[in-house]
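Asks:
Residue numbers (this note's numbering): 2 to 134.
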């Protein structure tokens with residue numbers, strides 16, 4: 002763990018039961034010990050099935066923690082998300098750092114637009130437009 006002192010606040014957090022928090026340990030062990038290739042070689046299920054059947058998390062913990070977190074990343078329900086991608090993303094977040102720009106999520110497209118305009122000349126970037134198709 003990058004910040005062992007955070008363990009205390011995580012255990013005392015009102016999100017999830019103590020049993021759910023203990024069940025995170027084998028999930029962390031799995032993603033830490035598995036290579037990316039091994040994760041993508043696993044049998045495929047939905048993320049929801051993996052969370053319930055493989056890892057044994059309660060519906061409450063799934064609804065309070067995993068659903069908002071993962072649905073915010075994928076913009077899809079847990080039953081429409083790949084268990085392999087869940088393990089990959091969980092590995093990435095567990096081993097690395099995550100951050101947002103100073104302006105929050107709304108700054109992300111602005112940052113992408115600024116970066117693109119620095120690299121690609123002669124390209125029009127349209128914002129505030131509806132997407133169809």
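C-beta: ideal position from N, C-alpha, C; glycine also.
(1) Could you check the C-alpha separation between residue 15 and residue 7 for me, to the nearest Å?
(2) Taking its Cβ as the centre, do 16 or more other Cβ atoms sit within 10 Å of residue 108, making it buried, or is it exposed?
(3) My assumption, with CB atoms under 8 Å, is that residue 24 sits in contact with residue 57. Please give the rounded CB distance.
(4) Which same chain residues end up closer than 8 Å to residue 67 when comparing Cβ atoms and leaving out the 5 residues on each side of it in sequence?
(5) Quick one: which unbroken beta strand (DSSP E) runs of 3-plus residues sit fully inside the stretch 18-62? Chain order, please.
(6) Does the Cβ-Cβ distance between residue 40 and residue 94 come in under 8 Å?
(7) Can you tell me where the alpha helix (DSSP H) holding residue 68 begins and where it ends?
(8) Go through its chain and collect everything with a Cβ distance to residue 50's Cβ below 8 Å, but skip five positions before and after it.
(9) According to the Cβ coordinates, are residue 28 and residue 70 closer than 8 Å?
Replies: From the atom records:
(1) 14 Å
(2) exposed
(3) 5 Å
(4) 48, 52, 58, 79
(5) none
(6) no
(7) 68-75
(8) 80, 84
(9) no
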